[in-house]
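Numbering (the numbering used here), first residue to last: 1431 to 1658. All C-beta atoms in this analysis are idealised placements derived from N, C-alpha and C, irrespective of residue type, glycine included. Keep in mind it's a predicted model, so treat the numbers as computed, not measured.
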């Protein structure tokens, strides 16, 4: 039997990427880093390659606390550090991808001062970048000095086996049965991070509901998400 081809507009019209949560993070080898994120009261630095979950963790932690602030290095650079107004007193501050400040030295210096004041007040601050602290660009030396005094973790992306188990669990929570070949297709053709994979499952969920089916096969996944 030929798998039906579902118009991509249907899933796209109703599927939205779920808000990241700490519970939805694929911990894998990063249990110590996640524990520190939940409980730290000082300066925390998280590094790791794309797909390791840095943005997921910061956005999830920011949503979990009243008055918490989440900013990106790009946002701070574009605002000429204006977004940092009041950041030194926020109950929690997360700054994602500070390498984007490499071309905004004044904003980087302002952030370094904010970090100083927050450290003195024992307020939790989390900063991320793909690079380790020692490998940050020289233009960020003021920040590098501060960050080297905090606690640092290098996040590791989940391996394929861990991602496959997570996909099965998330699909089951939606009432879907994910065929092994479908799981393999998703991991082969989609970015291997929880946000993209969860978005794909949501689109598959919508299409499966329209098709009145609960089993997700590789051809069905391909028909909904398209060849990639």
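- Here residue 1554 is buried, its C-beta having at least 16 other C-beta atoms within 10 Å.
- Taken in chain order, the whole beta strand (DSSP E) runs of length 3 or more contained in the segment 1475-1542 are 1499-1502 and 1523-1526.
- If you draw a straight line from the Cα of residue 1557 to the Cα of residue 1637, it comes to about 38 Å.
- Residue nearest to residue 1601 within the set 1631, 1503 and 1490 is 1631 (criterion: CA-CA distance).
- Listed as beta-bridge partners of residue 1645 by DSSP are 1607.
- Nearest Cα to residue 1501 within the set 1541, 1470, 1548 and 1478: 1541.
- As the crow flies, the alpha-carbon of residue 1591 is around 10 Å from that of residue 1617.
- Taking residue 1597 as the centre and dropping the five residues before and after it, the same chain places the C-beta of 1608, 1613, 1616, 1617, 1627 and 1631 closer than 8 Å to its C-beta, in chain order.
- Closest by C-alpha distance to residue 1496, out of 1621, 1548, 1519 and 1483, is 1519.
- Contact between the segment 1505-1514 and the segment 1460-1480 is absent: fewer than 3 CB-CB pairs across the two stretches fall below 8 Å.
- If you check the CB distance, residue 1583 and residue 1453 do not come in under 9 Å.
- For residue 1468, the enclosing alpha helix (DSSP H) starts and ends at 1461-1469.
- With respect to the 9 Å criterion, residue 1523 and residue 1498 are classified as neighbours on the basis of their beta carbons.
- Residue 1557 carries a strand assignment under DSSP once its states are collapsed to helix, strand and coil.
- Here residue 1650 carries a helix assignment [DSSP, helix/strand/coil].
- Residue 1584 sits in a strand when the DSSP states are folded into three classes.
- Closest in C-alpha terms to residue 1544, from the list 1515, 1481 and 1621, comes 1515.
- When beta bridges are read from the DSSP output, residue 1473 appears opposite 1555.
- When rounded, the separation of the alpha-carbon atoms in residue 1562 and residue 1478 is 8 Å.
- Here the alpha carbons of residue 1573 and residue 1564 stand approximately 11 Å from one another.
- With a cutoff of 9 Å on beta-carbon distance, residue 1528 and residue 1566 are scored as near each other.
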